[in-house]
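> This structure is in structure tokens; I'll ask about it shortly.
Residue numbers (our numbering), protein chains in the order written: chain E, 80 to 540; chain G, 27 to 517.
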């Protein structure tokens, strides 16, 4: 059964483990779009968002951009894996898939057909604390998108048969994924180590058992609690008239009743003491040695987030970045490297994944990694390197603001859900100018404590 | 009593009327929710102005002027790709392109990476059969520095030996990885097979032959084909043609033209292929690729072909996917595609299935093709396909790099600059007769069929085919499978 239809390019990705591709592609696109956008300045693009709130609490943000006759709509709900009840891991992700299974006036999977029939593209993604649904369509079809999104916000139609089928798909796809991508489970394992708390640390897709545990009642309660206008933001960006768009939004969304206020999960207290772990796992499914590294960071200031992003550019973005250059180009101990900073509410984490030829190379990589992190704490980053990091960041930032409607809408929706107020315009690039080598040194010294490093070495049998 | 009944009736009626009055907004709300809204009129696609000029060294400069853009995209389009690699050196065009950025006479490979990243340049290299595109995107403030840097790649590449070894290794592993997918392996084999004997090299790479490519070969290829008089520079951003030409002629003035020894490519006719080939591939899944020749985009059949392709297998809402996967559960997926080469086009179907369902998938594909040729297409299906094609075009050109490429492809396929502006109009002119006409022209003859998968697991399920040619993973002929019997032959 088709779960979701992808764009022309993405259709190539469709195969029997569709749910997984859906999740991975959606999540990757989303993370890529979000990583450079935390606020906007009007000066580079002159995009001026207009925002208003409906009586039922739905926040609406509208941005006009007439470059192409297109409009992107993002509806984001403040719900993610953090809201999964105990022993029901995977519910938020399952819910995302169920949102395509029809509503009172739209048949199962018809949402996809409606969008595709007009040449549009759509997708969805679930993260730790947010769920995004998004479409890009010809601008004359704005009404269609709003009708479809309001339908599933208000009238989702799920029954036992549909639920069992979706659960089956999810379990089968996850099983297949573990075979196709044997390293995938270590990405979840490192989270469990990093966040020793069910809500923060469990896997987004859940286990076969936890998915089986999910009942129709769980799904309906979850839907009624979190898929409500007062827990959502709707962002429209594209070739539209703000006033007309506002009228359409009111027509389709204002009569949807407000829901209960969603449950706010408290900040967890993680056990004190070093969380540093160095585990070796032997896995018959993997074909080459690999290493996962992570460190959890807390008690930082909001303005530090941008410094972490610049640190990430210096460390591992681009072929001339410190880790890529040393591990792959110069010393040739690693075959592949990926990673970056990730945010989970009040926590940041730096995560890295690398592949190497043998265990010795893994050990060498580990030493180089520690060495490079120490270097950040002991040496000032050169002016040239700072310029490079800032230029890369700035390019990506401007590209995502001006590049296309979808990335802009996703970023605005994400920022709104994070701060629960309208994204502040114009501070990010100015803040970038204030960051210097000293900012990097101080932040690295404060947060990159070696005793908190976590390593998982994965070796083939 | 009667009066009381009347009074009660009146009261009841009043109550009903009041209730209706109160509830009427709800009913009206339900009504508008019942069906999708009518769309607004379609907005036209207004592309930014495109201008061009040819410089003294033969380099064509093409500008796409977007005054409000902060981002520039620079594309260098070379009218040569893998089909220009000598038959014994497949991969030469790809390696030459990749090596341009791995050392020049004045810059080491590391200095190049350092400079590209310091300028925040996002870059990509795409090598196709007939063309190569180098794409660089950056902020407006870095335009001059980016042009200076990029010009060196084309004017004074050094092709250092150590970098060539490394580039070969990277490409080798990429090809190995690429061919692990039975569909990709099957498509490469399909293009090789369908063009065999035509004199045209579709540019299929062979990882085993990369080792034969030398620095001298790269230098020769660069000298022969990566010339200004074989190239177009597209500058997309806040710039006029005169300003762009001035900057480009200054930075690229040392790039010397050379006479090009281009061989003519002939148009290949749609024909009958009485050929089913099985490509042995260590995969638990089966990839089926089948197709035939069609015309290039400059032909009048192009737009009806686009519509036909969409109806048959353009998306998951098309006949192939719905028929093979959704209705019958025979395939994991099934789509159709159009690929274009110099003077030629291919219309092909790709499906992934299991060994057990392979024969049935082939049968169903043939039935769907016959159905398209013989039965009238439902007008609503036609209109849906046209709506998709018209609506989807702007989605394909949202970023500066995507737009530059779409404009650049007009050069490759000898299409007019207003091709995309007239796209809507040309799609709208397509009717069922035109679609059925192209279906009869291109889908009637028996197409070439490639089946790729594990031979041992699949052969038993292919007994109903008259004859199948068996090839090993390297594409070498091994045997004939005829009526359930495997016959080894020497060819």
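Glycine included, C-beta positions come from ideal geometry on N, C-alpha and C.
If you count every other CB in all the chains shown that lies within 10 Å of the CB of residue 210 of chain E, and 16 or more means buried, which is it?
So residue 210 of chain E counts as buried.
> Are residue 257 of chain G and residue 85 of chain G closer than 9 Å when you measure CB to CB?
yes
> Mind pulling the chain E residues with CB within less than 7 Å of residue 62 of chain G?
The contacting residues are 193, 223, 226.
> Note down, in chain order, each residue of its chain lying with its Cβ closer than 8 Å to the Cβ of residue 416 of chain G, except the 5 sequence neighbours on either side.
Contacts found: 68, 449, 450, 453, 454.
> The beta strand (DSSP E) with residue 405 of chain G in it runs from where to where?
No beta strand (DSSP E) contains residue 405 of chain G, which is instead part of the alpha helix (DSSP H) from 405-418.
> Determine the direct distance from the alpha carbon of residue 185 of chain E to that of residue 513 of chain E, and round the result to whole angstroms.
51 Å
> Using a Cβ-Cβ distance under 9 Å, would residue 366 of chain E count as near chain G?
no
> Assuming residue 458 of chain G and residue 381 of chain G form a contact by the criterion Cβ under 8 Å, report the distance between their Cβ atoms to the nearest whole angstrom.
Not quite, the Cβ-Cβ distance comes to about 38 Å (not below 8 Å), so this is no contact.
> Shorter than 8 Å, the distance from the beta carbon of residue 250 of chain E to the closest heavy atom of the ligand PLP, or not?
Of the ligands one can find in the structure shown there are none, so the ligand PLP has no counterpart to examine.
> Would residue 163 of chain G pass as an interface residue toward chain E - the criterion being a Cβ-Cβ separation below 9 Å?
yes
> At a CB-CB cut-off below 7 Å, which residues of chain E make contact with residue 193 of chain G?
Result: empty, since nearest Cβ-Cβ is about 13 Å, beyond 7 Å.
> Measure from the alpha carbon of residue 427 of chain E to the alpha carbon of each residue in E:407, E:437, E:176, E:391, then state which is nearest.
E:391
> Sorted by chain position, which residues of the same chain lie with C-beta nearer than 8 Å to residue 464 of chain E's C-beta, five sequence neighbours on each side aside?
Close CB contacts of residue 464 of chain E within its chain, under the 8 Å cut and outside five residues either way in sequence, are with 393 (chain order).
> Can you name the residues of chain E whose CB is closer than 8 Å to the CB of residue 145 of chain G?
470
> Starting from residue 413 of chain G, find everything on chain E with Cβ-Cβ shorter than 8 Å and list it in chain order.
Those are 196, 197, 198, listed as they occur along chain E.
> Drop a sphere of 10 angstroms on the beta-carbon of residue 82 of chain G, count the other beta-carbons inside from all chains shown, and report buried for 16 or more, exposed for fewer.
exposed
> Output the distance between the C-alpha atoms of residue 107 of chain G and residue 248 of chain G, rounded to the nearest integer angstrom.
11 Å
> Report the rounded CA-to-CA distance for residue 150 of chain G versus residue 160 of chain G, giving the unit in angstroms.
6 Å
> Anyone know if the C-beta pair for residue 319 of chain G and residue 366 of chain G falls short of 9 Å?
The answer is no: Cβ separation not under 9 Å.
> Does chain G have any CB closer than 9 Å to the CB of residue 147 of chain E?
For residue 147 of chain E, the nearest CB of chain G lies under 9 Å from its own CB, placing it at the interface with that chain.
> So, are the CB atoms of residue 237 of chain E and residue 535 of chain E less than 9 Å apart?
no
> So with Cβ pairs under 9 Å, would you call residue 55 of chain G a contact of chain E?
Interpretation of residue 55 of chain G is limited by its pLDDT of 49, a score under 50 that renders its predicted location unreliable; no figure is taken from the coordinates.
> Check each candidate in G:444, G:403, G:307, G:502 and name the one with the smallest Cα separation from residue 481 of chain G.
Closest by alpha carbon: G:307.
> Counting only the same chain and skipping the five closest in sequence on each side, list residues whose C-beta sits under 6 Å from that of residue 171 of chain G.
145
> Please report the straight-line C-alpha distance between residue 511 of chain E and residue 433 of chain E, rounded to a whole angstrom.
29 Å
> As an exercise, report each continuous beta strand (DSSP E) stretch of at least 3 residues that is fully enclosed by the segment 424-508 of chain G, in chain order.
474-479, 493-497, 503-508
> Return the residue from the list G:432, G:446, G:385, G:499 that minimises the CA-CA distance to residue 492 of chain G.
G:385
> Find the residues of chain G that neighbour residue 220 of chain E, judging by a C-beta separation of less than 7 Å, and give them in chain order.
65
> Here's a check: name, in chain order, each residue in its chain whose Cβ is nearer than 8 Å to the Cβ of residue 202 of chain G, leaving out the five neighbours to either side.
233
> Does the distance from the CB of residue 377 of chain G to the CB of residue 361 of chain G come in under 9 Å?
Yes, they are a contact pair.
> Verify the CB distance criterion: does residue 337 of chain G have a CB-CB separation below 9 Å to chain E?
no
> Return the residue from the list G:390, G:340, G:90 that minimises the CA-CA distance to residue 354 of chain G.
G:390
> Out of curiosity, what's the CA-to-CA distance linking residue 266 of chain E and residue 349 of chain E?
20 Å
> Does any residue of chain G bring its CB to less than 9 Å from the CB of residue 408 of chain E?
yes
> Taking the beta carbon of residue 409 of chain G as the centre, do at least 16 other beta carbons fall within 10 Å, making it buried, or is it exposed?
exposed
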